[in-house]
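S.K.: Submitted below is the structure of interest, expressed as structure tokens.
Protein chains: 2
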Amino acid sequence: MKEIEQTLEFIVEVEKLKAVLRKTKPVGLERRENSAEHSWHVCLAALMLKDYANEPVDIDRVIKMLLIHDLGEIDAGDTIVYASETAQQKTAEAEGVKRVLAMLPDNRGDEYFKLWCEFEAGESAESRYARAIDRVPPLLHNLRGGGHAWKENDIPKEKVFAVNSRIGDGSRELWQVIEGKLQQAVSSGILK
Amino acid sequence: MKEIEQTLEFIVEVEKLKAVLRKTKPVGLERRENSAEHSWHVCLAALMLKDYANEPVDIDRVIKMLLIHDLGEIDAGDTIVYASETAQQKTAEAEGVKRVLAMLPDNRGDEYFKLWCEFEAGESAESRYARAIDRVPPLLHNLRGGGHAWKENDIPKEKVFAVNSRIGDGSRELWQVIEGKLQQAVSSGILK
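Residue numbers (UniProt numbering), protein chains in the order written: chain Z, 1 to 192; chain F, 1 to 192.
Here is the structure:
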């Protein structure tokens, strides 16, 4: 019973991710996306695009990774992908994930902290694919939303291409399609 | 390439779930929850409570079920769990799920439509557990949030106990803990 109580406390705590705002707006909405709904969206995207991963992936591990990949933002906040990653920010996120997962009974969180570290390192087939998918919805938001977050944050096209080319590490075919869309965005003037 | 394009259209379409508002407010927030962030929350809750399922469950199937369980609401909207289910509402949801999943290439959606039907029927171990978990966060919202959705929708305590006792079909231990919390809510006067 005590273990269930502890897990319910964890469930309430992680809900704070619903208040962490990201930089892009979902297609059709005039508000910024939060990290909880983003997490759902990337899980579903990963599931439906799994056949295009470069390497065989265990999709169930990918989904678990994506379910927890942003938990560190409860304490550390969201950082735009185009910002240079600072060691301070990375440490704050790792500490945040660790704190939240430590709320689970019987060190059950340890397994998920390892999974989070694997995602961050991006060195396994699953993490390469998960990190590729993590980039897709915000790009679609910008592509369908006049490049709003690129403009608001002064992100030049060179940076958009360079940072997102990591999609190709997880799925070359997906990057080929997205790269084409980014080129169209340059042609139409929403990406400069 | 065409298949990837189609899948990206699906990814943009399902994003509409971020605009479907539910009846409860997340703990600590002054706005109603949307069905996309709810979907993430129940996936994570299911993962962390899996050891308390009455029967052995394939947690990966449970998570996939919960990722898609609300897709029908894009067309049909959210209905409070305490409303009597009408055949019309159920049909609208099933048609909605079918429409959205049909956007996927190569009839890939068929497998997920079956999974959605399994969830709705609630007759397998996985669906019993998934349906139990689906009830947990809204109860926590009410319990931590002064019973706001019970009050706003005039839900009497008899109905709250009766409808949520289905949690016991998925996890007796979890229902025991939640039932205790509901009794406390009656004692403290937030559930009448």
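Every residue gets a Cβ at the ideal spot worked out from N, C-alpha and C, and that includes glycine.
For Z:I80, which option in Z:K23, Z:V14, Z:R172 has the closest C-alpha, if you only look at C-alpha atoms?
M.R.: Against the first sequence, residue 80 of chain Z aligns to sequence position 80. With distances taken between Cα atoms, Z:I80 lies closest to Z:K23.
S.K.: Whose C-beta lies closer than 8 angstroms to the C-beta of Z:K181 among residues of the same chain, with five residues either side of it excluded?
M.R.: Mapped onto the first sequence, residue 181 of chain Z falls at position 181. The answer, listed in chain order, is L139, L143.
S.K.: Can you name, in chain order, every residue of its own chain whose Cβ lies under 7 angstroms from the Cβ of F:R128, other than the five neighbours on each side?
M.R.: If you number the second sequence from 1, residue 128 of chain F lands on position 128. G122, D169, G170.
S.K.: Exposed or buried, what is Z:N153 when buried is set at 16 or more other beta-carbons lying within 10 Å of its beta-carbon?
M.R.: As a first step, residue 153 of chain Z must be located in the first sequence, where it is residue number 153. By the neighbour-count rule (16 or more Cβ atoms within 10 Å), Z:N153 is not buried but exposed.
S.K.: Please report whether the beta-carbon of Z:H41 lies at a distance below 9 angstroms from any beta-carbon of chain F.
M.R.: On the first sequence, position 41 is the one that residue 41 of chain Z refers to. Cβ-Cβ to chain F under 9 angstroms: yes for Z:H41.
S.K.: Return yes when the Cβ of F:D134 is within less than 9 angstroms of the Cβ of Z:D60, no when it is not.
M.R.: Your numbering for residue 60 of chain Z matches position 60 in the first sequence. Your numbering for residue 134 of chain F matches position 134 in the second sequence. No. Outside cutoff.
S.K.: Output needed for F:L101: all residues of its chain with C-beta closer than 6 angstroms, excluding positions within five of it in sequence on either side, in chain order.
M.R.: Translated into the one-based positions of the second sequence, residue 101 of chain F becomes position 101. The answer, listed in chain order, is G109, Y112, F113.
S.K.: So F:E93 contacts chain Z; which residues on that side make the cut at Cβ distance below 7 angstroms?
M.R.: Here residue 93 of chain F corresponds to residue number 93 of the second sequence, with the count starting at 1. Going along chain Z, no residue has its Cβ under 7 angstroms from F:E93, so there is no contact; the nearest lies around 17 angstroms.
S.K.: What first and last residue would you give for the alpha helix (DSSP H) that runs through Z:G170?
M.R.: The residue you call residue 170 of chain Z lines up with position 170 of the first sequence. 167 to 170 is the extent of the alpha helix (DSSP H) around Z:G170.
S.K.: Check each residue of the segment 55 to 80 of chain Z: if its Cβ is closer than 8 angstroms to any Cβ of chain F, include it; give the result in chain order.
M.R.: Here the close residues are D60, I63, K64, L67, I68.
S.K.: Identify whether F:N153 lies in helix, strand or coil by the three-state DSSP scheme.
M.R.: Start at 1 with the first residue of the second sequence, and residue 153 of chain F comes out as number 153. Coil, per DSSP.
S.K.: Residues of chain Z with a CB under 8 angstroms from the CB of F:N34: which are they?
M.R.: What you label residue 34 of chain F is simply residue 34 of the second sequence in a count that begins at 1. Going along chain Z in sequence order, the residues near F:N34 (Cβ under 8 angstroms) are E37.
S.K.: Going by Cα to Cα distance, which pick from F:E120, F:A132, F:L191 is closest to F:H148?
M.R.: As a first step, residue 148 of chain F must be located in the second sequence, where it is residue number 148. Cα-wise, what sits closest to F:H148 is F:L191.
S.K.: With DSSP as the reference, identify every bridge partner of Z:N34, one or two as the case may be.
M.R.: Along the first sequence, read from residue 1 onward, the residue named residue 34 of chain Z stands at position 34. Its beta-bridge partners are Z:L21.
S.K.: If we count the other Cβ atoms within 10 Å of its Cβ and call it buried at 16 or more, is Z:K64 buried or exposed?
M.R.: By 1-based counting over the first sequence, the position of residue 64 of chain Z is 64. Counting Cβ neighbours within 10 Å, Z:K64 comes out buried, since at least 16 surround it.
S.K.: Pair every Cβ in the segment 51 to 58 of chain Z with every Cβ in the segment 5 to 21 of chain Z, then say whether three or more of these pairs are closer than 8 angstroms.
M.R.: With a cut-off of 8 angstroms, the segment 5 to 21 of chain Z and the segment 51 to 58 of chain Z do not count as touching, because too few Cβ pairs lie within range.
S.K.: Strictly below 7 angstroms CB to CB, what residues from chain Z border F:T7?
M.R.: On the second sequence, position 7 is the one that residue 7 of chain F refers to. Residues of chain Z passing the Cβ test: M48, L49.
S.K.: Excluding the five sequence neighbours on either side, which residues of its own chain have a C-beta within less than 8 angstroms of the C-beta of F:E158, listed in chain order?
M.R.: Here residue 158 of chain F refers to the residue found at position 158 of the second sequence. Closer than 8 angstroms at the Cβ level, and outside the excluded window around F:E158, lies no residue.
S.K.: Should F:F10 be flagged as near chain Z, meaning a C-beta pair shorter than 9 angstroms?
M.R.: Translated into positions along the second sequence, residue 10 of chain F becomes position 10. With 9 angstroms as the cut-off, F:F10 counts as an interface residue toward chain Z.
S.K.: Exposed or buried, what is F:P156 when buried is set at 16 or more other beta-carbons lying within 10 Å of its beta-carbon?
M.R.: Counted from its first residue, the second sequence places residue 156 of chain F at position 156. So F:P156 counts as exposed.
S.K.: Which residue wins for smallest C-alpha separation from F:Y52, given the options F:E118, F:A130, F:S187, F:Q184?
M.R.: What you label residue 52 of chain F is simply residue 52 of the second sequence in a count that begins at 1. Looking at the Cα atoms, F:A130 is the closest of the given residues.
S.K.: Determine whether the Cβ of Z:K98 lies closer than 9 angstroms to any Cβ atom of chain F.
M.R.: Indexing the first sequence from 1 puts residue 98 of chain Z at position 98. Answer no: the Cβ-Cβ gap between Z:K98 and chain F never drops below 9 angstroms.
S.K.: Can you tell me the Cβ-Cβ gap for Z:R172 and Z:N54, rounded? I've got them flagged as a contact below 8 angstroms.
M.R.: Working through the first sequence from its first residue, we reach residue 172 of chain Z at position 172. Working through the first sequence from its first residue, we reach residue 54 of chain Z at position 54. Rounded, the Cβ-Cβ distance is 6 angstroms, consistent with contact.
S.K.: Please go through the segment 23 to 101 of chain Z and give each complete alpha helix (DSSP H) segment of 4 or more residues, from N-terminal end onward.
M.R.: Counting only runs of 4 or more, we get 35 to 49, 59 to 68, 73 to 76, 87 to 101.
S.K.: From the beta carbon of F:E15, is the nearest beta carbon of chain Z less than 9 angstroms away?
M.R.: Along the second sequence, one-based indexing puts residue 15 of chain F at 15. Interface residue, yes.
S.K.: Would you call the segment 35 to 52 of chain Z and the segment 86 to 104 of chain Z touching, i.e. three or more CB-CB distances under 8 angstroms?
M.R.: No, the segment 35 to 52 of chain Z is not in contact with the segment 86 to 104 of chain Z.
S.K.: Could you check which residue in Z:A92, Z:T86, Z:I68, Z:N107 has the C-alpha nearest to that of Z:D75?
M.R.: Numbered from 1 along the first sequence, position 75 holds the residue referred to as residue 75 of chain Z. Comparing Cα positions, the closest option is Z:A92.
S.K.: If you run the structure through DSSP and keep just helix, strand and coil, what is Z:R108?
M.R.: Residue mapping note: residue 108 of chain Z aligns to position 108 of the first sequence, counting from 1. Correct three-state label for Z:R108: coil.
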